[in-house]
Amino acid sequence: MNQPHNPQQVLRVENLSIELPPGADRSHAVQGISLDVYKGEILCVIGESGSGKSVLSAAIMGDYAKGLRHSEGVIDFLGNDICRMDEKTLRQLRGNRIAMIFQEPMAALNPAIRIGQQVEEIFDIHAPNMPAAERRERMLALLDSTQLPDPPRIANSFPHQLSGGQCQRVVIAMALAMNPDLLIADEPTTALDVTTQAQVLKLVRDLRGRGQHGILFITHDFGVVAEIADRIAVMEGGVLVEIGERDQVLNAPRHPYTRKLIAAVPALHPELHAPSADGEMALRIEHLTKTYNVGGRSVQALKDVSLELPRGKTLAIVGESGSGKSTLVKAAIRLVDSDSGHVWVGYTDFLALRGKALATNRRRIQMIFQDPYGSLNPRHRVGDIIARAARLRGLSAKDAWAEAGDLLEQVGLKRDALERKPRQFSGGQRQRIGIARALAMRPEVLIADESVSALDVSVQQQVLELLAELQQRLNLSILFITHDLRVAAQISDYIAVMRQGEVVEYGSAEQVLLRPQNTYTQTLLAAAPGASAMPSVPVAPESTITEPPRLLRPHAR
Numbered sequence: 001m002n003q004p005h006n007p008q009q010v011l012r013v014e015n016l017s018i019e020l021p022p023g024a025d026r027s028h029a030v031q032g033i034s035l036d037v038y039k040g041e042i043l044c045v046i047g048e049s050g051s052g053k054s055v056l057s058a059a060i061m062g063d064y065a066k067g068l069r070h071s072e073g074v075i076d077f078l079g080n081d082i083c084r085m086d087e088k089t090l091r092q093l094r095g096n097r098i099a100m101i102f103q104e105p106m107a108a109l110n111p112a113i114r115i116g117q118q119v120e121e122i123f124d125i126h127a128p129n130m131p132a133a134e135r136r137e138r139m140l141a142l143l144d145s146t147q148l149p150d151p152p153r154i155a156n157s158f159p160h161q162l163s164g165g166q167c168q169r170v171v172i173a174m175a176l177a178m179n180p181d182l183l184i185a186d187e188p189t190t191a192l193d194v195t196t197q198a199q200v201l202k203l204v205r206d207l208r209g210r211g212q213h214g215i216l217f218i219t220h221d222f223g224v225v226a227e228i229a230d231r232i233a234v235m236e237g238g239v240l241v242e243i244g245e246r247d248q249v250l251n252a253p254r255h256p257y258t259r260k261l262i263a264a265v266p267a268l269h270p271e272l273h274a275p276s277a278d279g280e281m282a283l284r285i286e287h288l289t290k291t292y293n294v295g296g297r298s299v300q301a302l303k304d305v306s307l308e309l310p311r312g313k314t315l316a317i318v319g320e321s322g323s324g325k326s327t328l329v330k331a332a333i334r335l336v337d338s339d340s341g342h343v344w345v346g347y348t349d350f351l352a353l354r355g356k357a358l359a360t361n362r363r364r365i366q367m368i369f370q371d372p373y374g375s376l377n378p379r380h381r382v383g384d385i386i387a388r389a390a391r392l393r394g395l396s397a398k399d400a401w402a403e404a405g406d407l408l409e410q411v412g413l414k415r416d417a418l419e420r421k422p423r424q425f426s427g428g429q430r431q432r433i434g435i436a437r438a439l440a441m442r443p444e445v446l447i448a449d450e451s452v453s454a455l456d457v458s459v460q461q462q463v464l465e466l467l468a469e470l471q472q473r474l475n476l477s478i479l480f481i482t483h484d485l486r487v488a489a490q491i492s493d494y495i496a497v498m499r500q501g502e503v504v505e506y507g508s509a510e511q512v513l514l515r516p517q518n519t520y521t522q523t524l525l526a527a528a529p530g531a532s533a534m535p536s537v538p539v540a541p542e543s544t545i546t547e548p549p550r551l552l553r554p555h556a557r
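Numbering (full-length UniProt numbering), first residue to last: 1 to 557.
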């Protein structure tokens, strides 16, 4: 059906279907999609992995992955059907009238070329007759328009000399170079820390305010959606299940899938937990320091860090990239040597152990890794992966295999998973396998290092609920490393906030989240996307929330 073009309408997608190759788990990557984008608005397309949102955004650029085929529908861009354009016309369109802001800024930039030259290349392609002086002037103006400090210095820098947030601003400047009518932002803040993410989202809102661009924003994060969207389109399994104004979709969603996604978003309020029964510490870190030598200068990665984890409880370590979270974990489990300090597991000082004693005691602390795809050997059966850990405790091959089956059932998988390879499982299922492998060592302390950050929101919710259930059943103590305050609020009893190698705030989850004392903690909380726009969650009365254990307060030993 042909429709007259609305002067403010930048994009109209009507009944779009894109077929998957034979043998795929469904017939279409996207099916029957209809939506539109107008100048001066942000349409957020949200969905989990496999929903088809990235296929949709690529199709709007006229780009189809190998094996995909346009089978039906129209992609009308300013009155022209992109589906009927030849490759030469599409090349003139891309980066000119339609521009993409990519998810991974470091991967989108050439590491061997200075920033200014990379921005000016856009003009070389789409405005080859522009004088060199004008190109440089416009390049510096673009860097300035994205609020980058000292544009001449930035222009003369290589990507590795800039922060992740600065690189993302450069990518946005490149997208804006030809003043496009349509901006497609594909998960542009996923790889950024929360404060940097807030700055980039503010920049996107400012771009909307100029009224010159329509913005299609692809994301899996409802917090981001709540922060910037004018309208929201929800995709599931290649189908558009709901579309509407932001407030309507967030506060009165019509489709069950939308309601499920919103319900799975952790609230920025602490859960209520029972007090520790005996006050015994499962893990105690005292005055831990670590210094690296970088380019001939000393960098103190850990500065006199002291923390305590009560038995059967969860302590979340929250901080941005470079705060020292990962170094703290590596030092605690002796993957790197610390300069000074103590790490007590029960009554054993890990830093004093050597040789066989260290190997034996390491079993008491086990890791759940961030990447569920890279942390399991793809060539081994799941049963072998888990049973190998059980055999390190001295079990026979038969008993270890039987225990592996029991552990799979404990984490919500069937015993027949023993015979399958990791590639046959989803990301959430692989993370469950990783948890089962860690439990095979019968640990006293589990360290979860960003273990849900790579998962979709509903799968993330399931894994967090599983950890809470296992903790209650097995009296596990969990050290949970995260950059996401919402996740920390859901799972933790206590929170430590790290910045530049130091613990700047430390206390009960209720105290840190609802009554933060440090200005950096307050900044992190304020920067959490959608904190004020997401549906509110009631908070329990203060009197029902327990105080931190005795040893969490300053003390001398």
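All residues carry an ideal CB built from backbone N, CA and C; glycine is no exception.
Using a Cβ-Cβ cut-off of 8 angstroms (strictly less than) and excluding sequence neighbours within five positions of E48, which residues of its own chain qualify?
Along the sequence shown, one-based indexing puts residue 48 at 48. Counting only Cβ-Cβ distances below 8 angstroms, and skipping sequence neighbours, we find H220, E236, L261, D456, V457, S458 and V459.
Review point. Across which residues does DSSP place V30 in a beta bridge pair?
Key: Along the sequence shown, one-based indexing puts residue 30 at 30. V30 pairs with I18.
inquiry  = To the nearest angstrom, how far is the alpha carbon of E14 from that of L201?
reply    = For the purposes of this step, residue 14 is taken as the residue at position 14 of the sequence shown. For the purposes of this step, residue 201 is taken as the residue at position 201 of the sequence shown. So the two alpha carbons sit approximately 28 angstroms from each other.
request  = Let me know if V411 comes out buried or exposed under the rule of 16 or more other beta-carbons within 10 Å of its beta-carbon.
outcome  = Taking the sequence shown and counting its residues from 1, one reaches residue 411 at position 411. With 16 or more Cβ atoms within 10 Å of its Cβ, V411 is classed as buried.
* Please check the pair L392 and R364, which I expect to be a contact at CB under 8 angstroms, by giving their CB distance rounded to whole angstroms. => By 1-based counting over the sequence shown, the position of residue 392 is 392. By 1-based counting over the sequence shown, the position of residue 364 is 364. The Cβ separation is near 12 angstroms, so there is no contact.
* To do: Just the C-alpha distance for G79 and K66, rounded to the nearest angstrom, thanks.
  => In the sequence shown, residue 79 corresponds to position 79, counting from 1. In the sequence shown, residue 66 corresponds to position 66, counting from 1. When rounded, the distance between both Cα atoms is 27 angstroms.
Are the beta-carbon atoms belonging to M130 and R94 less than 8 angstroms from one another? In the sequence shown, counting from the first residue as 1, residue 130 sits at position 130. In the sequence shown, counting from the first residue as 1, residue 94 sits at position 94. The answer is no: Cβ separation not under 8 angstroms.
**OP:** If I'm right that D304 touches T289 with Cβ under 8 angstroms, what's the distance once you round it to whole angstroms?
**Re:** One-based indexing of the sequence shown puts residue 304 at position 304. One-based indexing of the sequence shown puts residue 289 at position 289. Right, their Cβ atoms sit about 6 angstroms apart.
Helix or strand or just coil, what does DSSP make of S536?
Position 536 of the sequence shown, counting from 1, holds the residue named residue 536. Since pLDDT at S536 reaches only 47, below the 50 mark, its modelled position is unreliable, and no value is offered.
Compute the Euclidean distance between the alpha carbons of P270 and L513, then round it to the nearest angstrom.
For the purposes of this step, residue 270 is taken as the residue at position 270 of the sequence shown. For the purposes of this step, residue 513 is taken as the residue at position 513 of the sequence shown. Each residue's Cα considered, the two are about 7 angstroms apart.
* When you compare each of A397, F369 and V497 to V463 by their alpha carbons, which one comes out closest? -> Taking the sequence shown and counting its residues from 1, one reaches residue 463 at position 463. Answer by Cα proximity: F369.
Determine, using beta-carbon pairs with one atom in the segment 411-422 and one in the segment 443-450, whether at least three such pairs fall under 8 angstroms. Too few Cβ pairs lie closer than 8 angstroms, so no.
field: Helix, strand or coil at A496 according to DSSP, with G and I counted as helix
entry: In the sequence shown, the residue the question calls residue 496 occupies position 496. A496 carries a strand assignment under DSSP once its states are collapsed to helix, strand and coil.
Pull up the distance between the alpha-carbon of N110 and that of I495, whole angstroms please.
Counting from 1 along the sequence shown, the entry for residue 110 is found at position 110. Counting from 1 along the sequence shown, the entry for residue 495 is found at position 495. Distance between the alpha carbons of N110 and I495: 39 angstroms.
- Message: By the three-class DSSP mapping on this structure, what secondary structure does D416 have?
- Response: Along the sequence shown, one-based indexing puts residue 416 at 416. The answer is helix: DSSP assigns D416 an H, G or I state.
Checklist line | Ranges of the alpha helix (DSSP H) found wholly within the segment 135-223, counting only runs of at least 4 | finding: Every alpha helix (DSSP H) stretch that sits fully inside the segment 135-223 and reaches 4 residues is listed by chain position as 151-155, 164-176 and 194-210.
| query | Which one of G296, R437, Q118 and I172 has the shortest CA to CA distance from S157? | reply | Here residue 157 refers to the residue found at position 157 of the sequence shown. With respect to the C-alpha of S157, the residue from G296, R437, Q118 and I172 having the closest C-alpha is Q118.
### Message
For P443, tell me which candidate among A390, D406 and Q490 has the shortest Cα-Cα distance.
### Response
Along the sequence shown, read from residue 1 onward, the residue named residue 443 stands at position 443. Per the Cα distances, A390.
Could you give the uninterrupted runs of the beta strand (DSSP E) lying entirely in the segment 452-482, keeping only those of 3 residues or more?
Runs of the beta strand (DSSP E) inside the segment 452-482: 477-482.
- Just list the alpha helix (DSSP H) runs in the segment 23-72, keeping only unbroken ones of 4 residues or longer that don't cross its boundaries, in chain order. Here the runs fully enclosed are 53-60.
Nearest candidate by alpha-carbon position, reference A357, set S338, S375 and R334: Stepping through the sequence shown from its first residue, residue 357 is reached at position 357. By alpha-carbon distance to A357, the top candidate from S338, S375 and R334 is R334.
Close beta carbons around T360, own chain, < 8 angstroms, minus the five adjacent residues each side: In the sequence shown, residue 360 corresponds to position 360, counting from 1. Hits under 8 angstroms: none found.
Simplified DSSP assignment, three categories, for V13:
As a position in the sequence shown, residue 13 is number 13, starting the count at 1. V13: strand per DSSP, three-state reduction.
Relative to the alpha-carbon of I46, which residue among S340, D186, V294 and D493 has its alpha-carbon at the smallest distance? Your numbering for residue 46 matches position 46 in the sequence shown. Nearest C-alpha to I46 among S340, D186, V294 and D493: D186.
Check: Where DSSP assigns a beta bridge to I98, which residues make up the other side?
Finding: If you number the sequence shown from 1, residue 98 lands on position 98. Under DSSP, I98 takes part in a beta bridge, and its partners are R94 and L182.
Exercise for the section: Assign S477 to one of two classes, buried (16 or more other C-beta atoms within 10 Å of its C-beta) or exposed (fewer than that). Expected result: By one-based count along the sequence shown, residue 477 stands at place 477. In the assembly as shown, S477 is a buried residue. Its beta-carbon has 16 or more other beta-carbons within 10 Å.
Below 8 angstroms on the Cβ atoms is my contact criterion, and I expect I115 with I172 to pass it. Report the Cβ-Cβ distance as a whole number of Å.
Along the sequence shown, one-based indexing puts residue 115 at 115. Along the sequence shown, one-based indexing puts residue 172 at 172. That belief does not hold up - the Cβ atoms of I115 and I172 are roughly 13 angstroms apart, past 8 angstroms.
I need the boundaries of the alpha helix (DSSP H) containing P256, first residue and last residue. Mapped onto the sequence shown, residue 256 falls at position 256. Segment P256 to A264, the alpha helix (DSSP H) holding P256.
Practice task
Compare the Cα-Cα distances from P21 to each of Q31, R69 and G32 and report the closest residue.
Solution key: As a working mapping, residue 21 is identified with position 21 in the sequence shown. Per the Cα distances, R69.
task: Run the CB neighbour count on G507, radius 10 Å, all protein chains shown included, and call it buried at 16 or more, exposed below.
output: On the sequence shown, residue 507 is found 507 positions in, with the first residue counted as 1. Taking all protein chains shown into account, G507 has 16 or more neighbouring C-beta atoms within 10 Å of its C-beta and is therefore buried.
By Cβ distance, which residues of its chain are closer than 8 angstroms to Q103, with the 5 residues on each side in sequence left out? Counting from one through the sequence shown, the residue named residue 103 turns up at place 103. Answer for Q103: D186, E187, P188, T190 and A191, listed in chain order.
Query raised in the report: Using the rule of at least 16 other Cβ atoms within 10 Å of the residue's Cβ for burial, across every protein chain shown, is L552 buried or exposed?
Result: Here residue 552 refers to the residue found at position 552 of the sequence shown. The predicted model places L552 with a pLDDT of 42, which falls under 50 and marks its position as unreliable; any figure quoted below should be read in that light. With 16 or more other Cβ atoms within 10 Å, it is buried.
Original post:
What beta strand (DSSP E) runs, 3 residues minimum, are completely inside the segment 382-409?
Top reply: Complete beta strand (DSSP E) runs here, min 3: none at all.
Between the Cα of R208 and those of R430, N377 and I42, spot the shortest distance and give me the residue it belongs to.
Along the sequence shown, read from residue 1 onward, the residue named residue 208 stands at position 208. The candidate whose alpha carbon is nearest that of R208 is I42.
Self-check item: Limits of the unbroken beta strand (DSSP E) element including N293
Solution: Locating residue 293 in the sequence shown gives position 293, where the first residue counts as 1. Taken as a continuous stretch (DSSP letters only), the beta strand (DSSP E) holding N293 covers M281 to V294.
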